[in-house]
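Read through the structure below, which is laid out as structure tokens, and then see the notes.
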Amino acid sequence: MYFALTDEQREFGAAVRGYLSERFDPAAVRAAVVDEPDSGGNPASLWKAAGEQGWLAVTVDEAYDGLGLGLVEAQVIARALGAGVAPGPWRGTVLAAETIRLAGSDEQRAAWLPRLAAGDAIGAAAPRTAADGTLPAVEYGGIADVVAVWDEPALVSGASATPVGSFDRTTRLAALTGGTAEPLPGLTAEVRAQLERRARVLVAADLTGIAREALTRTVAYDRDREQFGVPVGSFQAIKHALADLHVGVTMAEHASLYAAHAVDAGLGGAGPDGVDLAVAVAKAKASDVALQATAAMIQYHGGIGYTWEHEAHLFHKRAKRLAGQYGDVAAHRERIAALTI
27 MYFALTDEQR EFGAAVRGYL SERFDPAAVR AAVVDEPDSG GNPASLWKAA
77 GEQGWLAVTV DEAYDGLGLG LVEAQVIARA LGAGVAPGPW RGTVLAAETI
127 RLAGSDEQRA AWLPRLAAGD AIGAAAPRTA ADGTLPAVEY GGIADVVAVW
177 DEPALVSGAS ATPVGSFDRT TRLAALTGGT AEPLPGLTAE VRAQLERRAR
227 VLVAADLTGI AREALTRTVA YDRDREQFGV PVGSFQAIKH ALADLHVGVT
277 MAEHASLYAA HAVDAGLGGA GPDGVDLAVA VAKAKASDVA LQATAAMIQY
327 HGGIGYTWEH EAHLFHKRAK RLAGQYGDVA AHRERIAALT I
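Spelled out as structure tokens, the structure:
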């Protein structure tokens, strides 16, 4: 069976990549999130584009000013944002909107979904509450207008935020306390499982975007860089390693795409043919290959790859952070084994 994106889906991804390459390349990322640490990590121009071009509205129903598309289209955006190591609360806002769409009341949908879809409000997702009642390390929790808490379950607004440090400057983390909590009437255990699947797929797609771009940049550099009068990329050890990485990245790309399709198609949960296996495979493969590709990016750029001035560390730090989100490689391999053996 041939399984691939449609022309419209490919064009959607190309539009996101085009915007980032023209207006928010890694040099702009560095300026926004590394060289200017007090910028808040959410550049205004990028966030405005996310709202105007429908990146935030992708899964919101048309009745609430959204595009009414699925997770396949959302992972296309996530992959492009990963390739661009783009900062900002895109994923948190999409997951907050998905929480309200799937588990909110009619009043909550009407109040929040149009604002989240347009970028007029910033959302965040907090899968778990700590034992002391805080929401630890919430991505962009410090600037979020609404936080979807999955284990309460509730929508929280007006919480007090304490910044939490991260080695990856393409995000901002905060511990949240207090605020106003509004119950989510439809957030059952099954809905929470659906939300976690969506989160894992979006993170996997981001990781595959990171991996592909890291590999592409490394191949381009080693094609031009010469030692002993020949391109470095012609050396057998490097050539074979990069070829193996290409295979791994391609497999991760297909795995994340299929996992998104499995969620959209409503395939059964547990079992060897279910959505849970597809999601576990996608997250494990994407985490693994993103770490490999970004490490190779540093190594195969030679001395310059280890410097602060080169962008390789932006890719590697983002990959290292996301590889552990919503389950690391080991956890998902254990899940795969449990579902298949």
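Numbering-wise, the working numbering comes out as the position in the sequence shown, counting from 1, plus 26.
Glycine residues also receive a C-beta, built at the ideal position from the N, C-alpha and C atoms.
I'd like the span of the alpha helix (DSSP H) that includes residue i, first residue to last.
i: ALA89; result: It is not in any alpha helix (DSSP H) - ALA89 carries neither H nor E in the DSSP assignment.
i: THR155; result: THR155 -> no alpha helix (DSSP H), and no H or E assigned at all.
i: ALA30; result: Element bounds for ALA30: n/a, residue is neither H nor E.
i: ALA109; result: 97–109
i: ALA137; result: 132–144
i: ARG251; result: Taken as a continuous stretch (DSSP letters only), ARG251 belongs to no alpha helix (DSSP H), as it is neither H nor E.
i: ALA54; result: 52–59
Nearest to residue i by CA position, among the options, is which residue?
i: HIS342; options: GLY300, THR366, ILE236 and GLY353; result: ILE236
i: GLN35; options: ALA137, VAL102 and LEU283; result: VAL102
i: GLY350; options: ALA308, SER313 and ASP194; result: SER313
i: ALA157; options: ASP177, HIS287 and GLU99; result: ASP177
i: ILE362; options: ALA345, ILE324, GLU337 and VAL301; result: VAL301
i: ALA41; options: ALA76, ALA70 and ALA58; result: ALA76
i: ALA322; options: ASP299, VAL305 and ALA263; result: ALA263
i: PHE38; options: VAL84, PRO52 and GLY184; result: VAL84
i: LEU233; options: GLU279, THR244 and THR196; result: GLU279
i: GLY204; options: SER186, PRO179, THR197 and PHE193; result: SER186
i: SER47; options: GLN79, ALA112 and VAL98; result: ALA112
i: SER383; options: ARG223, ALA286 and LEU213; result: Residue numbering for the chain in the displayed model covers 27 to 367; residue 383 lies beyond these limits and cannot be assessed.
i: ALA286; options: ALA230, THR366, GLY294 and LEU97; result: LEU97
i: THR242; options: ALA338, VAL182, ALA104 and ALA136; result: ALA338
i: GLY168; options: LEU199, ALA136, ALA147 and VAL60; result: LEU199
i: MET277; options: THR244, LEU348, GLY108 and ALA231; result: ALA231
Terminal residues of the continuous beta strand (DSSP E) containing residue i?
i: VAL175; result: 172–175
i: THR119; result: Not the beta strand (DSSP E): THR119 falls in the alpha helix (DSSP H), residues 116–129.
i: ALA187; result: 186–190
i: ALA312; result: Taken as a continuous stretch (DSSP letters only), ALA312 belongs to no beta strand (DSSP E), being part of the alpha helix (DSSP H) at 301–326.
Near residue i, which residues of its chain fall below 6 Å by C-beta distance, leaving aside the five closest residues on each side in sequence?
i: ALA310; result: VAL355, HIS358 and ARG359
i: ILE274; result: The residue you asked about is not Ile; residue 274 is Gly in the sequence shown. VAL315.
i: VAL86; result: GLY92, ALA123, LEU139 and ALA143
i: GLY288; result: Note that residue 288 corresponds to Ala in the displayed sequence, not to Gly. Counting only Cβ-Cβ distances below 6 Å, and skipping sequence neighbours, we find VAL301 and ALA304.
i: PRO189; result: ALA200
Measure how close the beta-carbons of residue i and residue j come, nearest whole angstrom, since I'm counting them as under 8 Å.
i: VAL120; j: ALA150; result: VAL120 to ALA150, Cβ: 11 Å. No contact.
i: LEU161; j: ALA201; result: 7 Å
Using a Cβ-Cβ cut-off of 7 Å (strictly less than) and excluding sequence neighbours within five positions of residue i, which residues of its own chain qualify?
i: VAL217; result: LEU128 and ALA129
i: THR155; result: LEU161, VAL175, ASP177 and GLU178
i: ALA180; result: ALA207, GLU208, PRO209 and LEU210
i: ARG135; result: TYR90, ILE126 and ARG127
Would you identify the three-state DSSP class for residue i, choosing helix, strand or coil?
i: GLY149; result: strand
i: THR203; result: strand
i: PRO209; result: strand
i: ARG40; result: Sequence check: residue 40 is Ala here, not Arg. Helix, per DSSP.
i: ARG241; result: The amino acid occupying residue 241 in the given sequence is Leu; Arg does not appear at that position. In the structure shown, LEU241 sits in a helix (DSSP, three-state: H, G or I).
i: LEU93; result: coil
i: PRO179; result: coil
i: ALA165; result: The residue asked about is misnamed: residue 165 is Glu in this sequence, not Ala. GLU165: strand per DSSP, three-state reduction.
i: ASP274; result: Residue identity differs from the one stated: residue 274 is Gly in this sequence, not Asp. In the structure shown, GLY274 sits in a helix (DSSP, three-state: H, G or I).
i: TYR45; result: helix
i: TRP73; result: helix
i: GLU222; result: helix
i: GLU350; result: Looking at the sequence shown, residue 350 is not Glu but Gly. Coil, per DSSP.
Counting only the same chain and skipping the five closest in sequence on each side, list residues whose C-beta sits under 8 Å from that of residue i.
i: GLN318; result: ALA237, LEU271 and GLY274
i: ILE330; result: HIS336
If you measure from the CB of residue i, is any heavy atom of the ligand GDP nearer than 6 Å?
i: TYR332; result: Among the components modelled here there is no ligand, and therefore nothing to report on the ligand GDP.
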